[in-house]
Structures are given as C-alpha cells and as structure tokens.
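In short: position in the sequence shown from 1, add 1251, done, that's my numbering.
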Amino acid sequence: MNVLNKLTKKNLLLNKKRTVVTIIGIMLSTALVCAVAGLVTSAQQTFVNLIKNSDGDYHISFSNVPQEQQKYITQNNAVDSYYTTKELGYSEFDSIQNEDKPYIYVVSMNEKAFEKGAYKLIEGRMAQNENEIVIPQHLIDNGRVKINVGDKITLNVGTRELMDGSKLNQKNPYLASSSKEYIYQETGKAEDNEDYEEQIVDGQKREYTVVGIMKRPNTGLEPYSAPGYTAVTYSNDEKNADGTDKITSIGTKLNTNASNEILSAEENEKSVTADATIKKLQTANFYVTLKNPKEYENVMNQIKNTIEAETDSEIEVDINKDLLRFEGVLSESILGVLYRIAGVIIVIIVVSSVFVIRNSFSISVSEKTKQYGMLASVGATKKQIKRSVLLEGLYIGIIAIPLGILLGIVAIIILLWIVNLLLVDMMEGTSFVYDVPGMAILISVVISGITIFLSCLIPAIKASKIPPIEAIRGTDDIKIKTRKIKTSKLTKKLFGIGGVIARKNLKRNRKKYRTTVVSLVVSISIFIALSSFLTYGQMMTGSYYTDLSYNIAVNGGNETLYEKVATWSGIKSYSYSYQTSAEIDVNKYGTDFAKEELENKKQIYEEDFPENVGKYEYNTLGLTIVMVNNDYFKSYVKSLGMNEKDYSNIAILGDDMMHYLGQGKSKVEHYFNVKAGESMEVTMDDEQKQIKISKITTERPMGYESCYTEGGYLFVSEDYPVVTKDKSELNSGNLCIDAQKPSEIENKLTDLKKEGEDFEDIMITNLAEYADQQKRIIILVSIFLYGFIAVITLIGVTNIFNTITTNMILRSKEFANLKSIGMTTKEFNKMIKLESIMYGAKSLLIGIPIGLLGSYAIFKSFTNSIDFGFIVPWQAIIISVIFVFIIVGLTMKYSLNKINKQNIIETIRQDNI
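Listed below in structure tokens is the structure:
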C-alpha cells in the first residue's frame, strides 16, 4: 500500500502540468462556490445596512403610545431594542415661502433615536438640550428660509387640528392648498363644510438655538405631502418609558399622584394648556427591533390589541417593510429568491465542476492505463488501484481547496472594493460590506470535497475494472468494429482526406469526443439558464423599486405652465400629459382576468346594495387615454424601436397589472386580449371609434413608470386624431421634470405659483432623494445579478478551455503519426476545423433544450413570489451559438500552436510522463 501511495505522489510530481491544471480547476470551483455564498450573505447585509441607513433601524413602529401602556413594549420579552421620539407639535413660521408647507414640525429625541432613525447631519451637531434644535436642509432650499447654525428662532408649538377637534398629522396635507378629498372619504362631510378649516391650538412659545442642519427625513417620517418641515430637538425620556416618571414642558418631573394634584378640579380652567402639554409628553412614538423578526406580526398585533383594549382608542402601527424583506421575513422576500437562485447556481457550479475535474482524472487514468495494468499484473488488487486514484484526488484537494477558499474570499474583497470605489458618491453613507460567515466557508469546503470525490469515483472504478492485459496493450479507448466506418462524400469534398480521418476518428473514439461535447453542453445550458435568472431578477427588482426618469412632479398643471417650463434652463428632459377615458366591451376584447375582475366588482356592489341586484350590467372596461406632449412622445416612440415620424398615429397600450394572489405571491396580468396591429372599438363621449394598437409594452413613459389602473393606459400624442376633445376639457395629468438641480427648479415653480390664478392650484413634489434611493437599490441588485452571470460565464469558458486543450494535448501522438505519414498542414487544419464544427453543432443541439429546461426551472423559482410568465431567452441562445464556435475555434487554435511546436519523432516516442 505504501508503495502505491509513493507512486501516486511521484506521478503527481512528474506530471506537473496535469496536476497544476487539475488544481486550478478545483481551486476555481471552490472559489466560485465560496464567492457565490459570500456574495449572497454580503448582498444581504449590504441591503440591510442600506435600508437601515435610509429608512431607519427598526421592524415595527407604534405612534403616540400612552405613558401607562408603554410598558407593554419596554417590558416585552420579544423586543430586542427600541428608540423613541415625541411629537411636540406644529408651529407656523412666517419666513416660509412654500404655501403648501407652512409649518415647522418639532419632534424630540436622543442621540440613539437620531442615529437609528436615519437622520443625517449635514452641518453642526445634534441638539444636546431642550433649547437646541436641528433644522432640515429643505427648510432652506424648499421653504426659502434664510437661517444658519447659531441663529435663534422662536416657535409657537401646538397641536394641529380641524375646527371640529379632529387631530391632524404629517400624513394629512395642508388643507388650504389640498383637494381635501381625503377628509370627505374619511368623514363623508361635504367639501364646503366649515370644519375643513385647520388651526394650531394649545400653542406654547419656545425659543431654540439652531445647532445643526440635517438632510430631509425619509418619506416614512415626512411624506412629500406633509405640511411641516421636520425639526429635531433633544429629549432623553427612554429611561422613563416604563411609566414611573413623566416630564413636563419645563423639565419638572411629576409622578402620577403629583400630576393629578396639579390638575385638580379647582385649577382645571387655568391649566388647559398645561394638561394638553403633559398629555402630549405622556405619549411617545416607539420604533422597535425584535429578537426574532419572523414573529413581527404576532408581536405587533399583541401589543396593539392590548394597548387599544386599555385605552379604548386606536394607535397607529407600521412595519419597516423593506428591512423585513431583506432580512428574509416577508413572504415576497427578494432575499428568499436570492437564496433559492444561489442554491441553483451552486448546484450548477458543482455539476460543471464535476465534469471539468472528472475530465482531468479521466484523462489521468487514460494516461496511466498501461501503468495500472502493469501494477495489476504484479499483484495490485482492484481495491488498491481504486484507492490510488481516490488518493490522488485527496492530495490535490488538500492543496486546492484551501487555495480556492482564499481565492474566493480575496475575489469578493477586491470586487466589493472596486464597487465601493465606483459608487462612492451614490451610496449615501452605505457601502458594500464583506460578510462571509464561517458556515459559508464550511459549506464551500464540504461541497468542494464532494465534488472531488464524485469526480474521482467514476475514473477510479474504471481504473480498477480494466483487465491487466487489455490495459497494457492500451486497446480500451478505441474500439475497432468489424464493419467499415463510412463518411459522406460531402465531408471529403469540403474537408479533404483530413476531414475523412477526423470523422472516422471521432466515430471510433467516442469517449473522448463525448467528454468534450458534454463539457460544451454543460456550459451552454448553464449560460442560457442563468441569463433567464438575470432577466427575472431585473423584472422582480423593477416590481419593487422604480428607476424614476424624473425628479420633480407637478400635479394640476395647464398648458400655460408647460409652455413656461419649456423655456427654462437646467432641465434635461420633461413630459406633460392630459387624460381622458374610454369604455371597451369586455366580452369582445377582455381577457379572462378582466372578466373575473368585473364579476368580483359586481358581487361586491350587489352585496353592499342588495336593492340594486340585477339592475346594472358589468360588461365594459375603462381605458385611460393619456395624451403625452409631442416632443417627449417622439423620443418615447423611438426608444421602443418605432418610427418617430409616424408619432401622431401611434397608440401604445400598457395594460399590464400586478395582481396580488395572497401569501406574498403576485402575478402579472393583462386586461385586453388584443395584439399589436389589431384594432379595438372604444366608446368615447357616446361615440364608437376604432383605435389601432401599434404596440403593447410594459415600458411606460415618464411619470407612469409605476402607475397601474383598472383597464390600463393607452399612450398617444397630443395630435392623435381619434381624441377630438379640446385640451381644456381633458383632465390634467402630471408635469414630470428631470432637472439638473431639482431644488432650483422647485423654487422657480414655487415662485410661479404665487403669480396668479393659472398656477395657484399646482402641487409640487421634489422626488430627487426618493429617485436616488430607488436608483441605488436597483444598481446594487444589478451588480450582483451581473456578477453571477460573469461567474457562470467564467465557469463555462474555463470548462471548455480545459477540456479541449487537455484532449488535444493527449492526442499529440496521434497528430504526430498523421504528420509523419505525409498529412499536409492544410489537410491537418481542415481536419481540426471539421472537429470544431462537429463539437459545436452537437453541443448546441443538446445544450439549448437543456438550457431552456433550466430557464423554466428558474422561472418556477421566481413564481413563488411573482409570476411574470415564461420568457424564452432568445438573446442568450443567439449569443451561445456565436460564442461556442468562437471559443472552440480559438481554443483549438491555441492547442494547435502548442502541438505544432513539438518535435514529431519525440512526440511519437513519449509516454505522456
């Protein structure tokens, strides 16, 4: 046994090239497994950090929790940590020039809440006492207030409410400029009711010193429609959140009994303001992080129900959806899909690596067949020969696996360093983090060990079964059949005698031919399948995060406004639109989904109004017609690959709809059963009209990227002849602007709003920060998606290169024999060209169908979250066809260059070692 061990080591050392190639193959396989596992865990942590940095570090938020009930949060065993903020109230500020946002909204918190709440200082420091305040940058930019660090401001902070006493918060727009429709929906009151007027009550005069300027809080804390600019002062009331102490506005601590004494009946009239202040300070907003985020729903409902049962009033709760999504909690988790796909990729890596490494060991066994025969002839048992091959794998694995792990870790670190370098200005304080847990490394070692074992097993069994005499004679690989092997006359005509020899040789030595074809098939099928992963990954990301093409949105505009904006500098592009509606016969043009939706609508209506059962027919579906300004519509048409000169007659249908099926699953549905080039009959203003659909697409124009409506949209130009209404009769749509400096354009629009009746009703929203955040997430996901594709492509190219070069080198003696009997270089090259064509053609015929099956398997993995419908990866198939012949041809040429440099006589005499 020791002799065989020594012989195995000696063979590895003597055949250094083969050993090095095999070690590199295993290293690459291990590195790829480690890199994939590491990239997934690093991606998860990066996304988690990004969400915490932008939206806040919490799982659940509870708003305005009363003092006595705060113990249900602070003493809850399921709660890992929490931070609190307190709403002090609103104050009018005369210097503010934005009529839609006339207030400063003051909240108090400590350093922990400021940091975990995703507040970002630009200048100065955090407030350190109740007389200091941090103001937001958009109070200066958007509110046009001239204020600096060190200035003193006086605020009259009170409660914002309607005249009827209903409380208002940041989610309720300023009523003087809003449509007030939301109140009508909530209360059913007529829009001219005087209760619509809002006021600030129980105001308390406070003087603050501005000690810092911060970025605009995220939209969860301050929606774009919020009426107040959020400003932060200091409090440190978390230690009192268990209900033992209370803090008044002047900083005096009161216990419950003392509070009751102060607010006794005889003093009640004099202390209404103090009572309101104490009640306000007795409530707090809690932002809770759980020990086990998967229990968020139970914990949230338990706390909410307990508090509401005791107080007989509702408290507002919310979840940090994106954080839960990237922590893998929500059922529609992107992370869950990422892990499933990572599992598929690792399986693919293992399968492809088994072929690559198995080829190396099979070739090693083929080289040493004569040697194994001689060992068997002098007494070596089958078990010993089998163990010798497995031992070779063990020795190589001991060297290759640690090097592969190291290579994988280094590759991840370098990749993340490069990405951080490139995206330093886009990440808003977040960077790609390196996070490869020990379990990922252990999994990589185990998987690589299994890969090596499987790769060695078949060659080891084969080596142990070869009869000694047959092994010594070397007749196992090539089987000569009694019948004559024929080739077509076309082969001889196109490729000459070299082509005939190549064809016959491949028929005789099918095993070596099969090895190369299998390697190519694996590479092709992997590439096609993983290209589908890229497609579905991008589509899924787009369903959660929208890559907005604009950063300023204006509602309620008119043609006068649009004409003015068109003359402004600093605008990269803009789009405005008008809307009208049409009705379409669902029985004639609707899909099954559309018919089901209408039927559901009918059932709900008749359940609510039983007296109207059977009175109304639900057989028409609404279609929103969007007329986009001509200049932008031309560019939109061109981006879809259509002729912009025909813009006035083009109608583009966007009728896709994300249909939520429950349990975190969704499916993309369509409303109309119509194809591009077909016409639909629509009813507009009681007239029947024909509309020809030029194209059906999911790529929407600016302002409608993430908009969905029942029946979908039909996008046309201002000059579309079917719509005959005057623009004044149409519903105004959005003005969307992609500005170089959004704050400057926002200020111009704000100034314009004050000029007269034409502009006083417009609503301006600066989406710059939101658009940047969405873009950052999309870029992050894209980097990892393309990274996976790059990894798989590297596997494929390595697999093909190793297999073909190894087989070519092993055939050196065969080629030398052909040259020695007079085969010319021209004939020799023709022979190799034919082999390349045969390798490529056969591998494509097998690889493409297998790749399509892999694509379908990946599609089914994504349908656990969103069903987009299966998409045939035509582009990947075309790329595979082209690149297979290019890679095979270049690899063959590389191998031939090495072979042509060899001496014919020495090559014929050599025994591979």
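Here a beta-carbon is modelled for each residue, glycine too, at the ideal position from N, C-alpha and C.
Bear in mind the structure is a predicted one, so any value in this text is a computation, not a measurement.
Next on the checklist: DSSP three-state label for Cys-1987, please.
Outcome noted: strand
Item to check | Validate contact between the stretch 1403-1413 and the stretch 1453-1460 using beta carbons, cut 8 Å, 3 pairs | outcome: yes
Checklist entry - Between the C-alpha atoms of Tyr-1922 and Asn-1838, what's the straight-line distance to the nearest angstrom? => result 11 Å
Item to check | Beta-carbon proximity list for Lys-1555, same chain, < 8 Å, skipping 5 on both sides | outcome: Phe-1313, Ile-1566, Val-1568
Next on the checklist: Just to confirm the assignment, what range does the beta strand (DSSP E) spanning Phe-1537 have?
Outcome noted: 1534-1541
Item to check | Buried versus exposed call for Gln-1295 [16 or more other C-beta atoms within 10 Å across all chains shown] | outcome: buried
Checklist entry - When the Cα atoms are used, what is the spatial distance from Tyr-1485 to Gln-1421? => result 20 Å
Checklist entry - Taking the continuous alpha helix (DSSP H) assigned at Val-1837, which residues delimit it? => result 1837-1840
Checklist entry - Below 8 Å between beta carbons: does that hold for Thr-2142 and Ile-2051? => result yes
Checklist entry - For Thr-1325 versus Ala-1535, is the C-beta distance shorter than 8 Å? => result no
Item to check | Collapsed DSSP secondary structure at Met-1551 in the structure displayed | outcome: helix
Checklist entry - How about Val-1602 and Ile-1698: do their beta carbons lie closer than 8 Å? => result no
Checklist entry - Looking at the unbroken beta strand (DSSP E) that takes in Arg-1467, where does it start and where does it end? => result It is not in any beta strand (DSSP E) - Arg-1467 carries neither H nor E in the DSSP assignment.
Next on the checklist: In the DSSP output, which residue or residues are listed as bridge partners for Phe-1923?
Outcome noted: Gly-1841
Item to check | Enclosing alpha helix (DSSP H) for Arg-1411 [first to last residue] | outcome: No alpha helix (DSSP H) contains Arg-1411, which is instead part of the beta strand (DSSP E) from 1403-1413.
Checklist entry - What is the DSSP secondary structure of Val-2132, counted as helix, strand or coil? => result helix
Checklist entry - Are the stretch 2118-2138 and the stretch 1804-1819 in contact at 8 Å, needing three or more beta carbon pairs? => result no
Checklist entry - Between Ser-1774, Lys-1542, Gln-1533, which lies nearest to Leu-2096 when the distance is taken from Cα to Cα? => result Ser-1774
Item to check | Identified DSSP bridge partners for Glu-1458 | outcome: Thr-1405
Next on the checklist: Here's the rule I'm using: 16 or more other beta-carbon atoms within 10 Å means buried, otherwise exposed. How should Tyr-1370 be labelled?
Outcome noted: buried
Item to check | Among Thr-1818, Pro-1718, Thr-1460, Lys-2152, the one whose alpha carbon lies nearest that of Thr-1632 | outcome: Pro-1718
Item to check | Rounded C-alpha distance that separates Ile-2122 from Asn-1469 | outcome: 37 Å
Checklist entry - How close, in whole Å, do the beta carbons of Lys-1352 and Gly-1479 come, if the pair is a contact with beta carbons under 8 Å? => result 7 Å
Checklist entry - For Lys-1946, which three-state DSSP category applies? => result strand
Next on the checklist: Whole angstroms are fine: how far does the CA of Glu-1858 sit from the CA of Thr-1842?
Outcome noted: 25 Å
Checklist entry - Going straight from the alpha carbon of Val-1464 to that of Met-2014, what length do you get? => result Note on identity: in this sequence residue 1464 is Ile, with Val being the wrong assignment. Looking at the two C-alpha atoms, the distance is approximately 26 Å.
Item to check | Euclidean distance between Cα positions of Ile-1703 and Gly-2140 | outcome: 29 Å
Next on the checklist: Distance check for Ile-1384 and Ile-1498, CA to CA, integer angstroms please.
Outcome noted: Here the model assigns Ile-1498 a pLDDT of 33, short of 50, so the residue's position is not dependable, and the following value carries that caveat. Cα to Cα, Ile-1498 sits roughly 19 Å from Ile-1384.
Checklist entry - In angstroms, rounded to a whole number, what distance separates the CA positions of Glu-2020 and Asp-1392? => result 14 Å
Item to check | Buried or exposed (CB count within 10 angstroms, at least 16 for buried), Gln-1379 | outcome: exposed
Item to check | Burial state of Gly-1340 (16 or more Cβ within 10 Å) | outcome: buried
Next on the checklist: Report the CB separation of Ile-1903 from Val-1925 in whole angstroms; it is logged as a contact under 8 Å.
Outcome noted: So it is not a contact: roughly 12 Å between Cβ atoms.
Checklist entry - Leu-1574 lies in the alpha helix (DSSP H); which residues open and close that run? => result 1572-1577
Item to check | Whole-angstrom distance between Phe-1537 and Asn-2223, CA atom to CA atom | outcome: In this structure the chain extends from 1252 to 2164, so residue 2223 is not present and cannot be described.
Checklist entry - Between which two residues does the alpha helix (DSSP H) containing Asn-1806 stretch? => result First-last for Asn-1806: 1803-1806, but that is the beta strand (DSSP E), not the alpha helix (DSSP H).
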